[in-house]
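Enquirer:
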């Protein structure tokens, strides 16, 4: 019986394993994490709206009933296509076919900014961002110097693709809605969120009309949008942004990175040509040159369908995983063809943009559609129910259910003298601040 | 206006702050974590049944509407009763009254066992235990030597108070029910759980009849119960247990500590007599000798009520917090009197023991009571609903919703050769294994 090894339990790897459900092969799925992550909602973990387990699911749980799959927790070091071998952190496996689906990681374009500006790819990343965002408010509350308070209450998001736009919208809401009444020495509604994008519009992969709708919504909600702007420098106290020849220093203690991705480093071990982002330039059938038994799928591959590049989204990963599985099951080695099922991005409460087969919509109904589609695509009944009720609860109460700071605390501002005079520095507003919902 | 500082946002500190709601004082509540933890359900986070945020709640969220309280994230280094000062990690505060409520931490009786056998007091502890338990199964699946597999599938719980009993029951259920179908190279239902207790019965603070009921239930569910047994040694591969003169070596890769607690080290800075567990021996009114403006409450204090010691449970902390608050509000300095509202412990699915005002019950109805009481005592509607629906879901499906391994992986067994032959090592049972429910 042929041995198929799948590396990575993301959208692509999991789709490939499931497509081989009835195949007469034995499958080993390797992942260095025990869980599949539903990445489109990861930003909601980072912004304290959802729990990690609401959008992550144990890989072996998802494949429990498929008896031809064995799941192993393992970190793959290299692949040796000539020897048909996979070298693990400790041990090795032989394969007849391998599907490499280890996806992408952050790219800082060669700058040493990773510790300063975390990106958002894993549950750990999301918890780190959540910790930094919540700690920033705590630090501001300890701080007595208004200028330094303002630094702590300034958040910069670099990159305005769907993740950047979603993060920026949610970051304003945390201050203006969720935390509005919770502090005595600061006014959380004064939170400043700056969204920096190098291209000349937000959501560059969407239709220009939707980019404009996203910009309008975010601007109305007082997110400071800077397009055609490049981050040229960064340190622990802020970023330097270059915009049309001028440079500006933004003092901010929290910077989040949603700008660049690069392929997982495993691609390099295959010994085949890569593109600039480190992705494997695959054959039309998704195998690699000279090794028809090695398939590379999803974000790790530069895939061309009908002359255009397949975008690095869940649908591309799922479809390419199924394509590779079909060939392993014995289908002809046809070129991979991507069917675009559309794309969508949320822009905070009640607003989203959606484009599906030429139809372009922005607004409240787009947001409802975003809501329904994301719940439907989650992996289990449990997670669908968990996300659904928490969204309804958050929508009704303006609260976020997962506001925990865990892990070690950073250095916080010195507490000087008497903390407060018994009255809040700012009288709390009687009702939650309601953001405009129809723009 | 008098300044009241409360150190610790646990059951005691939070109750004290709330009792001062209408007092003409300004309050600063200090905690080094941003969240209150509902400790009685922490073991359910450790055993992957609940999310951290389901049983933890932001302290400043809980006190949002109480405008005379300011909450600060801060680590208290020492208290200087003579100077009326509190020294923080960075900064200091003056007080007119201080309520010290920093609770207890694990005690390993002077042995260096903390890295080997984590205890369960914080969300971080619970996530570390969850990680170790889930990693043990993953390691067993990578292992090919049956003797080493067995080591990974052996769990030792030291200490059979409520936490130890609850952990032991849940650990068997994880293998026998939740993970039964999820592996190919091991049989999770063969999991061995050993509960070691130094005293001559389980749940020593409960009536002997309930101890016996707990022992019966756990034994029927194949938890290996060792009473009058002391752990005398421990390393990464297991524990040595001494039982009636004989010693036994138990090979086990996962050991959990539920045996001893000691008071938080802050007690030492007060310069007053402590008991053997490091607790402050307080005056009858809960102040400390010579300093009527310093109150010590909850687990940090050795409190005597009507000649007997107040147990270290949530009720004692809450009542003592209210007592201190009443004195600060101007009540006479009466001795603290503890009203025992009863105690209960769950013993896994469908079984619990309850004793309330002389009534002692074990079984299914005790478990329903345990269920209702714990949900009612949670801090918010959100958390009540989250725990309730997840319990119903877990009860119906035998699953646990929070099976994530996060953080760095330990060294795992070497993967040798071909992982499996396409068929599960053990055919998965058709239905979940149902444990006996009425004993």
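Protein chains in written order, with the numbering used here: chain H, 6 to 444; chain W, 6 to 444.
Where is the CB? At the ideal position from N, CA and C, for every residue including glycine.
Treat the numbers as computed from the prediction; the structure is a model and nothing was measured.
(1) In chain order, what residues of the same chain have a beta carbon less than 8 Å from the beta carbon of residue 400 (chain H), not counting five sequence neighbours either side?
(2) Residue 129 (chain W) versus chain H: which residues are under 8 Å apart at the beta carbon?
(3) Please identify the residue among W:190, W:161 and W:350 whose C-alpha is closest to the C-alpha of residue 262 (chain W).
(4) Going by C-alpha to C-alpha distance, which of W:105, W:186 and W:26 sits closest to residue 402 (chain W)?
(5) Please return the same chain residues whose Cβ sits closer than 7 Å to the Cβ of residue 168 (chain H), not counting the five positions on each side in sequence.
(6) Which stretch, first to last residue, makes up the beta strand (DSSP E) that contains residue 262 (chain H)?
(7) Kindly indicate if chain H contains any beta-carbon less than 9 Å away from that of residue 90 (chain W).
(8) Along the alpha helix (DSSP H) that carries residue 222 (chain W), what are the first and last residues, could you check?
(9) Looking at the structure shown, is residue 59 (chain H) part of a helix, part of a strand, or coil, going by DSSP?
(10) Strictly under 9 Å for the Cβ-Cβ distance: is residue 417 (chain H) near chain W by that measure?
(11) Compute the distance between the beta-carbons of residue 239 (chain W) and residue 260 (chain W), then report whether it is under 9 Å.
(12) Excluding the five sequence neighbours on either side, which residues of its own chain have a C-beta within less than 7 Å of the C-beta of residue 389 (chain H), listed in chain order?
(13) From the DSSP output, read off the bridge partner residues of residue 267 (chain H).
(14) With residue 99 (chain H) and residue 89 (chain H) assumed to form a contact (beta carbons below 8 Å), what rounded beta-carbon distance in angstroms separates them?
(15) For residue 387 (chain W) and residue 393 (chain W), what's the separation of their Cα atoms in angstroms?
(16) Just by C-beta distance, which residues in the region 172 to 205 of chain W are closer than 8 Å to chain H?
(17) Got a sec: is the Cβ-Cβ distance from residue 23 (chain H) to anything in chain W below 9 Å?
(18) Under 9 Å, Cβ to Cβ, is there at least one residue of chain H near residue 242 (chain W)?
(19) Can you give me the start and stop residues for the beta strand (DSSP E) that residue 360 (chain W) sits inside?
(20) With residue 300 (chain H) as the anchor, note down where its beta strand (DSSP E) starts and where it stops.
(21) Which residues of chain H have a Cβ atom closer than 8 Å to the Cβ of residue 297 (chain W), listed in chain order?
(22) Please give the ranges of any beta strand (DSSP E) in the region 73 to 132 of chain W, keeping only runs that are unbroken, at least 3 residues long and fully inside the region.
(23) Return yes when the Cβ of residue 58 (chain H) is within less than 9 Å of the Cβ of residue 15 (chain W), no when it is not.
(24) Rounded to the nearest angstrom, how far is the Cβ of residue 30 (chain W) from that of residue 410 (chain W), given a contact under 8 Å?
(25) Measuring only between beta-carbons, confirm whether residue 103 (chain H) sits less than 9 Å from chain W.
(26) Based on Cα-Cα distance, which residue from H:312, H:143 and H:289 lies nearest to residue 337 (chain H)?
(27) Is there a C-beta anywhere in chain H that falls below 9 Å from the one on residue 16 (chain W)?
(28) Suppose contacts are defined by Cβ-Cβ distances below 9 Å. Is residue 364 (chain H) in contact with residue 349 (chain H) by that definition?
(29) What residues in the region 137 to 164 of chain H bring their beta carbon closer than 7 Å to a beta carbon of chain W?
(30) Taking 9 Å as the CB-CB cut-off, is residue 82 (chain H) touching chain W?
(31) In this structure, what does DSSP give as the bridge partners for residue 247 (chain H)?
(32) Thinking C-beta only, is residue 128 (chain W) closer than 9 Å to residue 61 (chain W)?
(33) At the level of alpha carbons, what is the spacing between residue 205 (chain W) and residue 106 (chain H)?
(34) Which of the residues in the region 47 to 79 of chain H, read from start to end, lie with their CB under 7 Å from any CB of chain W?
(35) Which ranges would you report for the beta strand (DSSP E) in the region 294 to 355 of chain H if only whole runs of at least 3 residues count?
(36) Taking Cβ positions, are residue 292 (chain H) and residue 84 (chain H) nearer each other than 9 Å?
Expert: Short version:
(1) On the first chain, residue 400 (chain H) is found 395 positions in, with the first residue counted as 1. Once the five neighbours on either side are set aside, the close Cβ partners of residue 400 (chain H) are 354.
(2) In the second chain, the residue the question calls residue 129 (chain W) occupies position 124. Simply 411 and 412.
(3) Within the second chain, the letter at position 257 stands for residue 262 (chain W). For residue 262 (chain W), the nearest C-alpha among the options comes from W:161.
(4) If you number the second chain from 1, residue 402 (chain W) lands on position 397. Checked all of W:105, W:186 and W:26; the closest Cα to residue 402 (chain W) is W:186.
(5) The sequence position of residue 168 (chain H) within the first chain is 163, counting from 1. Only 48, 125 and 263 meet the Cβ criterion.
(6) As a working mapping, residue 262 (chain H) is identified with position 257 in the first chain. Taken as a continuous stretch (DSSP letters only), the beta strand (DSSP E) holding residue 262 (chain H) covers 259 to 262.
(7) In the second chain, counting from the first residue as 1, residue 90 (chain W) sits at position 85. So, not an interface residue.
(8) On the second chain, residue 222 (chain W) is found 217 positions in, with the first residue counted as 1. Looking at the DSSP string, the run of the alpha helix (DSSP H) that includes residue 222 (chain W) is 213 to 225.
(9) Start at 1 with the first residue of the first chain, and residue 59 (chain H) comes out as number 54. Residue 59 (chain H) falls in the helix class under three-state DSSP.
(10) Numbered from its first residue, the first chain carries residue 417 (chain H) at position 412. Closer than 9 Å to some Cβ of chain W, the Cβ of residue 417 (chain H) qualifies, so yes.
(11) By one-based count along the second chain, residue 239 (chain W) stands at place 234. By one-based count along the second chain, residue 260 (chain W) stands at place 255. Yes, the Cβ-Cβ distance between residue 239 (chain W) and residue 260 (chain W) is below 9 Å.
(12) For the purposes of this step, residue 389 (chain H) is taken as the residue at position 384 of the first chain. Cβ within range, chain order: 380 and 383.
(13) Position 262 of the first chain holds residue 267 (chain H). Answer is H:110, bridged to residue 267 (chain H).
(14) Here residue 99 (chain H) refers to the residue found at position 94 when the first chain is read from its first residue. Here residue 89 (chain H) refers to the residue found at position 84 when the first chain is read from its first residue. Contact flag correct, Cβ pair sits at about 6 Å.
(15) As a position in the second chain, residue 387 (chain W) is number 382, starting the count at 1. As a position in the second chain, residue 393 (chain W) is number 388, starting the count at 1. Those two C-alpha atoms are separated by around 10 Å.
(16) 186, 187, 188, 189 and 190
(17) For the purposes of this step, residue 23 (chain H) is identified with residue 18 of the first chain, where counting begins at 1. Not closer than 9 Å to any Cβ of chain W, the Cβ of residue 23 (chain H) fails to qualify, so no.
(18) Position 237 of the second chain, counted from the start, is the residue given in the question as residue 242 (chain W). It does not: the Cβ of residue 242 (chain W) has no partner Cβ on chain H nearer than 9 Å.
(19) Counted from its first residue, the second chain places residue 360 (chain W) at position 355. That run of the beta strand (DSSP E) goes 357 to 361.
(20) By one-based count along the first chain, residue 300 (chain H) stands at place 295. Where residue 300 (chain H) is concerned, the enclosing beta strand (DSSP E) stretches over 296 to 301.
(21) What you label residue 297 (chain W) is simply residue 292 of the second chain in a count that begins at 1. Here the premise fails: no neighbours, minimum Cβ distance about 22 Å.
(22) 74 to 78, 81 to 85, 90 to 93, 96 to 99, 102 to 105 and 109 to 112
(23) Here residue 15 (chain W) corresponds to residue number 10 of the second chain, with the count starting at 1. Here residue 58 (chain H) corresponds to residue number 53 of the first chain, with the count starting at 1. Cβ distance not < 9 Å, so residue 15 (chain W) and residue 58 (chain H) don't count as in contact.
(24) As a first step, residue 30 (chain W) must be located in the second chain, where it is residue number 25. As a first step, residue 410 (chain W) must be located in the second chain, where it is residue number 405. About 46 Å; that fails the 8 Å criterion.
(25) Taking the first residue of the first chain as position 1, residue 103 (chain H) is located at position 98. No, no contact with chain W.
(26) Within the first chain, the letter at position 332 stands for residue 337 (chain H). For the residues H:312, H:143 and H:289, the minimum Cα distance to residue 337 (chain H) belongs to H:289.
(27) Along the second chain, read from residue 1 onward, the residue named residue 16 (chain W) stands at position 11. With 9 Å as the cut-off, residue 16 (chain W) does not count as an interface residue toward chain H.
(28) The residue labelled residue 364 (chain H) in the question sits at position 359 within the first chain. The residue labelled residue 349 (chain H) in the question sits at position 344 within the first chain. Against a cut-off of 9 Å, the Cβ pair of residue 349 (chain H) and residue 364 (chain H) comes out as no contact.
(29) 139, 143, 146 and 147
(30) Residue mapping note: residue 82 (chain H) aligns to position 77 of the first chain, counting from 1. Chain W contact via Cβ: absent.
(31) Residue 247 (chain H) sits at position 242 when you count from the first residue of the first chain. The partner list for residue 247 (chain H) (beta bridge, DSSP) reads H:235 and H:252.
(32) Here residue 61 (chain W) refers to the residue found at position 56 of the second chain. Here residue 128 (chain W) refers to the residue found at position 123 of the second chain. Contact flag set, yes.
(33) Position 200 of the second chain holds residue 205 (chain W). Position 101 of the first chain holds residue 106 (chain H). Rounded to whole angstroms, residue 205 (chain W) to residue 106 (chain H) spans 55 Å at the Cα level.
(34) 56, 57, 58, 61, 63, 65, 66, 69, 72, 73, 75, 77, 78 and 79
(35) 296 to 301 and 348 to 351
(36) As a first step, residue 292 (chain H) must be located in the first chain, where it is residue number 287. As a first step, residue 84 (chain H) must be located in the first chain, where it is residue number 79. It is not a contact, given that the beta carbons lie outside the stated cut-off.
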